[in-house]
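Read left to right, the sequence shown gives residues 18 to 146 (this note's numbering).
Quick reminder that beta carbons are idealized off the backbone N, C-alpha and C, glycines included.
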Amino acid sequence: MKLTKTAKALLIGVAALALVAVVYAAVDATAPTAGVHSENTALGTTDNCSACPFAGTDQCPAAAADKAQATDKPYVDTDRCIGCGKCVKVAPDAFAIDRKTSKAYVKGGAPCASVAKGAKACPVGAVQQ
Ligand code: SF4
């Protein structure tokens, strides 16, 4: 069977589009979910932060945890937090849920006793004191 030049060009075009679609799907499957640092680290290491849209911004949960650790303040390990809200329920003066990340955080000036209550209630040990 002999193909015309137009048919050959059409076949090549369709093949090129299919290749682009396959490559795009592969890249998209490894893209981090916005605002979910734990999913980024699940891809390997925090080296994946380079692909995270929140890397280097004030919304980066890893940076917030690092900052809290550096100042010896209590903080919620967002890689562990499952967003169940138990800490907020038992100690609303110390904890809140971040709407963007659906993870808990320790409020500024949180009383130590309340942080301890929230830490005790946390089912995954995400509250670091
Ligand atoms: S109790 Fe623990 S897992 Fe649940 S929201 Fe609070 S910190 Fe996160």
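Which residues in the same chain as residue i place their Cβ atom closer than 6 angstroms to its Cβ, once the five residues preceding and following it in sequence are excluded?
i	result
Ala-121	Val-93, Cys-98, Cys-104, Phe-112, Ile-114
Ala-48	Because the pLDDT of Ala-48 is 45, which lies under 50, any placement of that residue in the model is unreliable, and the question is left without a value.
Thr-62	Because Thr-62 carries a pLDDT of 46, less than 50, the predicted location of this residue cannot be relied on, and the following value inherits that uncertainty. Result list for Thr-62: empty, nothing under 6 angstroms.
Ala-33	none
Ala-108	Ser-131, Lys-134, Gly-135
For residue i and residue j, what's the separation of their Cα atoms in angstroms?
i	j	result
His-54	Leu-27	With a pLDDT of 43 at His-54, under the threshold of 50, the predicted position of this residue should be treated as unreliable, though the coordinate-derived value follows. Rounded to whole angstroms, His-54 to Leu-27 spans 43 angstroms at the Cα level.
Cys-69	Gln-146	27 angstroms
Leu-60	Thr-74	Residue confidence for Leu-60 is low, a pLDDT of 38 falling below 50, so the modelled location carries little weight; the figure read from the coordinates is stated next. About 20 angstroms.
Pro-78	Gly-30	44 angstroms
Ala-130	Lys-117	27 angstroms
Ala-153	Gly-100	Given that the chain is displayed from residue 18 to residue 146, the structure contains no residue 153 and the question cannot be resolved.
Gly-125	Thr-88	12 angstroms
Ser-119	Lys-25	52 angstroms
Cys-66	Ala-72	6 angstroms
I need the boundaries of the beta strand (DSSP E) containing residue i, first residue and last residue.
i	result
Val-123	120 to 123
Can you determine whether any heavy atom of the ligand SF4 sits closer than 8 angstroms to the C-beta of residue i, and answer yes or no?
i	result
Lys-90	no
Pro-140	yes
Arg-116	no
Ala-125	Sequence check: residue 125 is Gly here, not Ala. No, the ligand SF4 has no heavy atom inside 8 angstroms of this Cβ.
Lys-134	no
Ala-121	yes
Gly-100	yes
Phe-112	yes
Lys-103	yes
Ala-32	no
Ala-143	yes
Following the continuous alpha helix (DSSP H) through residue i, name the residue where it begins and the one where it ends.
i	result
Ala-157	Residue numbering for the chain in the displayed model covers 18 to 146; residue 157 lies beyond these limits and cannot be assessed.
Cys-129	129 to 138
Cys-66	First-last for Cys-66: undefined, no H or E at that position.
Cys-104	103 to 107
With a threshold of 9 angstroms between beta-carbons, can residue i be considered close to chain D, or not?
i	result
Lys-103	The structure shown contains no chain D; it is built from a single protein chain.
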